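Novice: Those protein sequences? They're chains A and B, same order as listed. Each residue of the first sequence is one higher than the one before, counting from 6 in the numbering used here. Each residue of the second sequence is one higher than the one before, counting from 41 in the numbering used here. No residue lacks a Cβ here, since even glycine has one placed at the ideal position from N, Cα and C. Quick caveat: nothing in here was measured; it's all calculated off a predicted structure.
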Amino acid sequence: MSNSVIIEGPNVAHGIDTGDHHHGHEHHEQHFITKYIFSQDHKVIGKQFLITGIVWAVIGALMSVFFRLQLGFPNETFPIMEKFLGEWAKGGKLSPEFYYALVTMHGTILVFFVLTAGLSGTFANLLIPLQIGARDMASPFMNMLSYWFFFLSSVIMFISLFVQTGPASGGWTTYPPLSALKEASLGSGVGMDLWLISMALFVVSSLLGGLNYISTILNMRTKGMTMTRMPLTIWALLFTAVLGVLSFPVLLSGFVLLIFDRNMGTSFYLSEIFIGGKALPHVGGSPILYQHLFWFLGHPEVYIIMLPGMGMASEVLSNHSRKPIFGYMAMIISLIGITLLAFLVWAHHMFVTGMSPFLGSVFVLLTLLIAVPSAVKVFNWLTTIWRGNIRFTVPMMFALGFVSLFISGGLTGIFLGNSALDIHLHDTYFVIAHFHIVMGVSAFFGMFAGIYHWFPKMFGRFMNNTLGYIHFFLTFAGAYLIFWPMHYEGIAGMPRRYYDYSAWESFKHFDNLNAFISIAAIMVFFAQLIFVVNFFASIFRGRKVTVKNPWGSPTLEWTTEINPGHGNWEGDIPEVHRWPYDYKDDGNGNDFIPQTVPLRPGEEAH
Amino acid sequence: MSGFLTIVLIGLVFVIIYQIAKASEYSTVLRGEEKINRRVNRSMALLFLLFFVAGMIGIVVCHNALSDKMLPVSASDHGVRYDSMLFTTLVVTGIVFVITQTLLFWFAFRYQSTEKRTSFFFPHNNKLELVWTTVPAIAMACLVAIGLRNWVRETSAPPKDSMVVEVVGKQFNWLIRYPGKDGVLGKRDFRKIDDANNILGLDWSDKDNMDDVIAQNGELHLVVNKPVSLIIGSRDVIHDVGLAHFRMKMDAVPGIVTTMWFTPTITSAKMKEITGNKDFVYEISCDQMCGKGHYSMRGTVIVETQEEYDAWMAKQQSYYALNNAPATPAAPAADSSAAPVQKTDSAKVLTMK
Numbered sequence: 006m007s008n009s010v011i012i013e014g015p016n017v018a019h020g021i022d023t024g025d026h027h028h029g030h031e032h033h034e035q036h037f038i039t040k041y042i043f044s045q046d047h048k049v050i051g052k053q054f055l056i057t058g059i060v061w062a063v064i065g066a067l068m069s070v071f072f073r074l075q076l077g078f079p080n081e082t083f084p085i086m087e088k089f090l091g092e093w094a095k096g097g098k099l100s101p102e103f104y105y106a107l108v109t110m111h112g113t114i115l116v117f118f119v120l121t122a123g124l125s126g127t128f129a130n131l132l133i134p135l136q137i138g139a140r141d142m143a144s145p146f147m148n149m150l151s152y153w154f155f156f157l158s159s160v161i162m163f164i165s166l167f168v169q170t171g172p173a174s175g176g177w178t179t180y181p182p183l184s185a186l187k188e189a190s191l192g193s194g195v196g197m198d199l200w201l202i203s204m205a206l207f208v209v210s211s212l213l214g215g216l217n218y219i220s221t222i223l224n225m226r227t228k229g230m231t232m233t234r235m236p237l238t239i240w241a242l243l244f245t246a247v248l249g250v251l252s253f254p255v256l257l258s259g260f261v262l263l264i265f266d267r268n269m270g271t272s273f274y275l276s277e278i279f280i281g282g283k284a285l286p287h288v289g290g291s292p293i294l295y296q297h298l299f300w301f302l303g304h305p306e307v308y309i310i311m312l313p314g315m316g317m318a319s320e321v322l323s324n325h326s327r328k329p330i331f332g333y334m335a336m337i338i339s340l341i342g343i344t345l346l347a348f349l350v351w352a353h354h355m356f357v358t359g360m361s362p363f364l365g366s367v368f369v370l371l372t373l374l375i376a377v378p379s380a381v382k383v384f385n386w387l388t389t390i391w392r393g394n395i396r397f398t399v400p401m402m403f404a405l406g407f408v409s410l411f412i413s414g415g416l417t418g419i420f421l422g423n424s425a426l427d428i429h430l431h432d433t434y435f436v437i438a439h440f441h442i443v444m445g446v447s448a449f450f451g452m453f454a455g456i457y458h459w460f461p462k463m464f465g466r467f468m469n470n471t472l473g474y475i476h477f478f479l480t481f482a483g484a485y486l487i488f489w490p491m492h493y494e495g496i497a498g499m500p501r502r503y504y505d506y507s508a509w510e511s512f513k514h515f516d517n518l519n520a521f522i523s524i525a526a527i528m529v530f531f532a533q534l535i536f537v538v539n540f541f542a543s544i545f546r547g548r549k550v551t552v553k554n555p556w557g558s559p560t561l562e563w564t565t566e567i568n569p570g571h572g573n574w575e576g577d578i579p580e581v582h583r584w585p586y587d588y589k590d591d592g593n594g595n596d597f598i599p600q601t602v603p604l605r606p607g608e609e610a611h
Numbered sequence: 041m042s043g044f045l046t047i048v049l050i051g052l053v054f055v056i057i058y059q060i061a062k063a064s065e066y067s068t069v070l071r072g073e074e075k076i077n078r079r080v081n082r083s084m085a086l087l088f089l090l091f092f093v094a095g096m097i098g099i100v101v102c103h104n105a106l107s108d109k110m111l112p113v114s115a116s117d118h119g120v121r122y123d124s125m126l127f128t129t130l131v132v133t134g135i136v137f138v139i140t141q142t143l144l145f146w147f148a149f150r151y152q153s154t155e156k157r158t159s160f161f162f163p164h165n166n167k168l169e170l171v172w173t174t175v176p177a178i179a180m181a182c183l184v185a186i187g188l189r190n191w192v193r194e195t196s197a198p199p200k201d202s203m204v205v206e207v208v209g210k211q212f213n214w215l216i217r218y219p220g221k222d223g224v225l226g227k228r229d230f231r232k233i234d235d236a237n238n239i240l241g242l243d244w245s246d247k248d249n250m251d252d253v254i255a256q257n258g259e260l261h262l263v264v265n266k267p268v269s270l271i272i273g274s275r276d277v278i279h280d281v282g283l284a285h286f287r288m289k290m291d292a293v294p295g296i297v298t299t300m301w302f303t304p305t306i307t308s309a310k311m312k313e314i315t316g317n318k319d320f321v322y323e324i325s326c327d328q329m330c331g332k333g334h335y336s337m338r339g340t341v342i343v344e345t346q347e348e349y350d351a352w353m354a355k356q357q358s359y360y361a362l363n364n365a366p367a368t369p370a371a372p373a374a375d376s377s378a379a380p381v382q383k384t385d386s387a388k389v390l391t392m393k
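1. Expressed to the nearest angstrom, what Euclidean distance is found between the alpha-carbon atoms of A/G626 and A/I567?
2. Report the option in A/V436, A/S523 and A/L157 whose CA atom is closest to the CA atom of A/M499.
3. If you follow the beta strand (DSSP E) that B/W214 is in, where does it begin and where does it stop?
4. For B/V184 and B/S124, what's the separation of their Cα atoms in angstroms?
5. Using a C-beta cutoff of 8 Å, does A/F348 count as contacting chain B?
6. Please classify A/Y493: does DSSP put it in a helix, a strand, or coil?
7. With a threshold of 8 Å between beta-carbons, can B/S386 be considered close to chain A, or not?
8. Is there a C-beta anywhere in chain B that falls below 8 Å from the one on A/H297?
9. Which same chain residues end up closer than 6 Å to B/Q59 when comparing Cβ atoms and leaving out the 5 residues on each side of it in sequence?
10. Determine, using beta carbons only, whether B/V204 and B/I216 come nearer to each other than 8 Å.
11. I'd like to check one pair, B/L143 with A/L387: are the Cβ atoms closer than 8 Å?
12. When you compare only the Cα positions, how much space is there between A/P292 and A/A139?
13. Assuming A/F279 contacts B/R275 (C-beta within less than 8 Å), just tell me the rounded distance between them.
14. What does B/V321 reach in chain A if we use C-beta pairs closer than 9 Å?
15. CA-CA distance, A/S184 and A/T109?
16. What in chain B is Cβ-close to A/I412, meaning under 9 Å?
17. Using a cut-off of 7 Å between C-beta atoms, extract the partners of B/T173 located in chain A.
18. In its own chain, which residues sit with a C-beta less than 6 Å from the C-beta of A/F453, not counting the 5 before and 5 after it?
19. Between the segment 517-525 of chain A and the segment 457-471 of chain A, do three or more beta carbon pairs fall short of 8 Å?
20. Could you give the distance in angstroms between the alpha-carbon of A/V160 and the alpha-carbon of A/T57?
21. What separation, rounded to the nearest whole angstrom, lies between the Cα atoms of A/F597 and B/S159?
22. Which stretch, first to last residue, makes up the alpha helix (DSSP H) that contains A/F83?
23. For B/D375, does the three-state DSSP call read helix, strand or coil?
24. Whose Cβ in chain B lies nearer than 7 Å to the Cβ of A/N573?
25. For a cutoff of 8 Å on Cβ pairs, would you count B/Y335 as touching chain A?
26. Could you give the first and the last residue of the continuous alpha helix (DSSP H) run that contains B/G98?
27. Mind checking whether B/I272 and B/T299 have CB atoms under 8 Å apart?
28. B/N257 by DSSP, collapsed to three states: which one?
29. As a quick exercise: from B/L240, B/W191 and B/D280, pick the residue whose alpha carbon is nearest that of B/A255.
30. How many Å lie between A/V408 and B/T154 at the Cα?
31. With DSSP as the reference, please indicate the residues paired to B/L242 in a beta bridge.
32. If you reduce the DSSP assignment to three classes, tell me which class A/Y586 lands in.
33. For A/G498, decide whether its Cβ has a neighbour in chain D, counting only Cβ atoms nearer than 8 Å.
34. Does B/T396 come within less than 8 Å of chain A when only Cβ atoms are used?
35. If we call anything under 8 Å between Cβ atoms a contact, is A/R327 one with A/T433?
36. By the criterion of Cβ-Cβ separation under 9 Å, what are the contact partners of B/N81 in chain A?
Next comes the structure, spelled out in structure tokens:
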């Protein structure tokens, strides 16, 4: 990172904002603040998203440890919890109010702050300019704003953890009237207002980022980088951004109406309510409206979380198998299919809300349709590793784990998308098991594969392999140990979001299983700390990267210097001549041909 | 302080782990990277395969440990169809699960990198891709067909002869209203709710309300083999009537009336025999997060024969009678078996039977 910033020449001017260009004709050392804090370099912004995401992930995971202690051992007390949570865990026993606050915050943090901002924020920023051959994003300034809105949103969400009535506690979906009425729950007080403000800022951040990603991909590809020569990571990140840009505004409108209902006496979501000893004046609203607005984002959100992982797994599987991705066009078409269908399936979260059963039938059909492109992707990944030359590196193992988890979690979606089964499984542990495996752990595996794979590009060093392998096996085994048995609890009808099951004749016999799951969850939590230590220690002490292209990858990011400065390439941006998966003999003993190498005479373009 | 120390201690442990791991990296370099990498590759490929074997055994162990903890046979006719559909879906997805996972782990192990191996350049094959687009599409179409057939049945209009019961959720318990002798639930209005004497806001100007019975203990009495249509509502936030043993579920939404119907087929007494659990009871669970008491929002269902039901109902007093007893002091509210003195029109249905 010692490189001074080199921003000059005709190839650069369109890539950076005029403020920078003004100083462009002189080499200069940037001040620490503009280089690392208010940086407009997409690589630094990517790292900022990643590190903020890691901090949030640790907080969110720690919360799950606390509530798993309550679920697994409802009759025990844990004085250490009082150290962390104070009044909320008096005598080492979590209060029900705070249990629900923890569940809510765990969901919000992991879904939005870690797996949306932390995942696509990191890799869209890092990879888009590097892999398409651009100096930076279309608007580096907007890109910087995107991070700082996210930061602001994070700060507000963090503050909400400390208000007297506690943070929002109505579930991460925050359905009104529960979230709209202060009388309904402690967490619906100030905590909920802060939650809404924080989420509104988050939407702003997400839109600023998403618009930038789309315009960069569409406009700033280097010479020869046609759309069908882009790596699948870029395709995946493009559709991720499209999903976000089209659906986050709908969520924001839902939140704005909720803010009105909470503070200005409107009745968008409220009707015929008697609470706190009196009948409220609201008539004519519908709580179902909120659910439609929420899930119109909420479902595409699942794919916003999944697609980057899919893209990175494709890239990593192909690279470490030394074999082209199978069915490149089919992969793109299935991404398009998933993106389109993602907008048409939201109401499968609402089969039992009293929505019209006919509407329900339509959504059953559309929901199960989405299994087809997903299946195509799985088969293509399997064929990609078939007859490969597989290097069991840490990123490869996470990518293989990603596929395994995606299969396991994807198949249970077929149960829940079918309304006649959902009528029993809805809001049980089956749902928890399903979405944690598929958009929780599987997406995390995609993210880990990406981090281990691109860490050398980010920091010029490798992460430690031994710790990486330990991290992989503990997490992989732990994830299945936690979530596999939950399917059984769900089929037995055990409802989610319960503080204690011991009073229920139908569910209390799962007490031993709950304790087992809690122990596994705590184990997995500590396994993640291995990753965190590995990550931060390797930034400063990891083995140094000595060659430009340590993985032997044909894509453009590995043609830059080991520690590229702002502007990415010294001199001209390389020209692209072939697709990104040419893993074949180059005639010099290498098993791949970089995208920058022109076609040999007589060689057919893919 | 001790919390802080614990954190410091955990931090130290991780630093030590990192240092050990780092040392192994140096030794790798010393002993020849190429050779070590080959060995690591072999052992990781083997471990990965062993993971699969252990996982498959784990699935069997898990199944054996949990299969006797599952729900008993379905207690409703809808539930029987649900169970068979669940089984079909399990078989279809189970087959896909085993095949794809086996291929994944086997390919990974089989095609691990060796010194001699080169990969096979195989970028696409239209025939293969056509096959595995069509096959899942057909499988999905079959599952959709089964699902929609059941869904249409479950959400169809209830039979004419079904009994009607209203279930209303509030933080944090269930209120059950029976229509009484006339079989009609009277009007209610949330503005008339009073926790002291009109818990559901029954409109007393509606004569149909006079004989309505409200069970505040959340006991839902049903008659075996008689269809029941539940009219579901909520007083405050969204709740959900979850009937796991009947495989049914429906949200209770303030401002909206939702419904579901089914036919209970096994009495509570019979189910006690089937499960061999003398404490067995059908439970109503709230399945939609509704606040701090969500986990304790419990109701019960008692499925009984027509005679038992009639006998139980005969003992119930209408909600009107219970709460307006002072207005008609002659009616002995406590003793429901005594014939009430009928003084006025509005009191003519003071008590049941």
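Specialist: Working from what's here:
1. Because residue 626 of chain A is not part of the residues shown, which for chain A are 6 to 611, the question remains open.
2. Position 494 of the first sequence, counted from the first residue, corresponds to residue 499 of chain A. If we check each option's Cα against that of A/M499, A/V436 comes out closest.
3. Taking the first residue of the second sequence as position 1, residue 214 of chain B is located at position 174. Taken as a continuous stretch (DSSP letters only), the beta strand (DSSP E) holding B/W214 covers N213 to Y218.
4. Residue mapping note: residue 184 of chain B aligns to position 144 of the second sequence, counting from 1. Residue mapping note: residue 124 of chain B aligns to position 84 of the second sequence, counting from 1. Cα-Cα distance, rounded: 14 Å.
5. As a working note, residue 348 of chain A is residue 343 in the first sequence. With 8 Å as the cut-off, A/F348 does not count as an interface residue toward chain B.
6. Within the first sequence, numbered from 1, the residue matching residue 493 of chain A stands at position 488. Residue state, collapsed to three classes: helix.
7. Within the second sequence, numbered from 1, the residue matching residue 386 of chain B stands at position 346. For B/S386, the predicted structure reports a pLDDT of 38, less than 50, and the residue's modelled location is therefore unreliable. A value from the coordinates is still provided. No, no contact with chain A.
8. By 1-based counting over the first sequence, the position of residue 297 of chain A is 292. No, no contact with chain B.
9. The residue you call residue 59 of chain B lines up with position 19 of the second sequence. Nothing meets the Cβ criterion.
10. Mapped onto the second sequence, residue 204 of chain B falls at position 164. Mapped onto the second sequence, residue 216 of chain B falls at position 176. No, they are not a contact pair.
11. Here the question's residue 387 of chain A lines up with position 382 in the first sequence. Here the question's residue 143 of chain B lines up with position 103 in the second sequence. Yes, they are a contact pair.
12. Here residue 292 of chain A refers to the residue found at position 287 when the first sequence is read from its first residue. Here residue 139 of chain A refers to the residue found at position 134 when the first sequence is read from its first residue. Using only the alpha carbons, I get a separation of about 46 Å.
13. Mapped onto the first sequence, residue 279 of chain A falls at position 274. Mapped onto the second sequence, residue 275 of chain B falls at position 235. Going by Cβ atoms, the distance from A/F279 to B/R275 rounds to 5 Å, so yes, they are a contact pair.
14. Taking the first residue of the second sequence as 1, we reach residue 321 of chain B at position 281. Near B/V321 (Cβ distances below 9 Å), the residues of chain A are E510 and S511.
15. The count along the first sequence starts at 1 and reaches residue 184 of chain A at position 179. The count along the first sequence starts at 1 and reaches residue 109 of chain A at position 104. Whole-angstrom Cα-Cα distance: 11 Å.
16. Walking along the first sequence from the start, residue 412 of chain A turns up at place 407. V136, F137, T140, Q141 and L144, listed in chain order.
17. Position 133 of the second sequence, counted from the first residue, corresponds to residue 173 of chain B. The answer, in chain order, is V377 and V381.
18. Position 448 of the first sequence, counted from the start, is the residue given in the question as residue 453 of chain A. Only F403 meet the Cβ criterion.
19. no
20. Numbered from its first residue, the first sequence carries residue 160 of chain A at position 155. Numbered from its first residue, the first sequence carries residue 57 of chain A at position 52. Roughly 11 Å separates the two Cα atoms.
21. On the first sequence, residue 597 of chain A is found 592 positions in, with the first residue counted as 1. On the second sequence, residue 159 of chain B is found 119 positions in, with the first residue counted as 1. Answer to the nearest angstrom: the Cα atoms are 11 Å apart.
22. Indexing the first sequence from 1 puts residue 83 of chain A at position 78. Taken as a continuous stretch (DSSP letters only), A/F83 belongs to no alpha helix (DSSP H), as it is neither H nor E.
23. As a first step, residue 375 of chain B must be located in the second sequence, where it is residue number 335. Residue placement at B/D375 cannot be trusted, given a pLDDT of 43 that sits under 50; what the coordinates show is reported in the next sentence. It is coil, neither helix nor strand.
24. For this step, residue 573 of chain A is matched to residue 568 along the first sequence. The contacting residues do not exist; A/N573 stays about 28 Å from chain B at best.
25. Looking up residue 335 of chain B in the second sequence gives position 295. Closer than 8 Å to some Cβ of chain A, the Cβ of B/Y335 qualifies, so yes.
26. Here residue 98 of chain B corresponds to residue number 58 of the second sequence, with the count starting at 1. Element bounds for B/G98: E73 to L106.
27. Taking the first residue of the second sequence as 1, we reach residue 272 of chain B at position 232. Taking the first residue of the second sequence as 1, we reach residue 299 of chain B at position 259. For B/I272 and B/T299, yes; Cβs fall inside 8 Å.
28. Within the second sequence, residue 257 of chain B is the residue found at index 217, counting from 1. Note: B/N257 maps to coil in three-state DSSP.
29. Numbered from 1 along the second sequence, position 215 holds the residue referred to as residue 255 of chain B. That would be B/L240, whose Cα lies nearest to the Cα of B/A255.
30. Position 403 of the first sequence, counted from the first residue, corresponds to residue 408 of chain A. Position 114 of the second sequence, counted from the first residue, corresponds to residue 154 of chain B. Taking the straight line joining both Cα atoms gives about 23 Å.
31. For the purposes of this step, residue 242 of chain B is taken as residue 202 along the second sequence, with counting starting at 1. Answer is B/R228, bridged to B/L242.
32. Here residue 586 of chain A corresponds to residue number 581 of the first sequence, with the count starting at 1. In this structure, A/Y586 counts as coil in the three-state DSSP scheme.
33. Within the model displayed, chain D is absent; protein chains A and B are what it includes.
34. Any question about residue 396 of chain B goes unanswered here, given that chain B covers just 41 to 393.
35. If you number the first sequence from 1, residue 327 of chain A lands on position 322. If you number the first sequence from 1, residue 433 of chain A lands on position 428. No, they are not a contact pair.
36. As a working mapping, residue 81 of chain B is identified with position 41 in the second sequence. Per Cβ cutoff of 9 Å: I395, R396, F397 and T398.
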